[in-house]
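Heads up: the structure comes next, in structure tokens.
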Amino acid sequence: MSQLGQLKGQIESIAQQAKSTGGQLSAFKAKFSQAAGQVQSTIGGSAQSKDKEVVQAIQDAQSKVDAAVEALNQAARVAAAYGQSL
1 MSQLGQLKGQ
11 IESIAQQAKS
21 TGGQLSAFKA
31 KFSQAAGQVQ
41 STIGGSAQSK
51 DKEVVQAIQD
61 AQSKVDAAVE
71 ALNQAARVAA
81 AYGQSL
């Protein structure tokens, strides 16, 4: 197999892996968001600073999971397009 063919195969593999991982992370996000919502509703009204730290940490994690999903989906799109152009 030529180097170009190998590169195309590697790029297509990366695209598929990124897409798959993004899907798995989206499924995790749904479960995490549900659990986080329950935690936030239970302790969200508390005035204790530790409770607020927990809620903030959960919100930060949700935001970062969203960003990771989008980054993986973008990587999958770009890699797939590049692989098709080879």
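So the sequence shown is residues 1 to 86, counted in this note's numbering.
A virtual CB, placed ideally from N, CA and C, is assigned to each residue, including glycine.
query	result
Pairwise C-alpha distance: tyrosine 82 and serine 13	12 Å
Classification of glycine 9 by the beta-carbon crowding that lies within 10 angstroms, buried from 16 upward	exposed
Buried or exposed (CB count within 10 angstroms, at least 16 for buried), leucine 72	buried
Spatial distance of valine 54 from serine 20 (CA atoms)	30 Å
Proximity test, Cβ basis, 9 Å: isoleucine 11 and chain C	In the displayed structure, chain C is absent; only one protein chain is listed.
Between the CA atoms of alanine 36 and alanine 57 - distance to the nearest angstrom	10 Å
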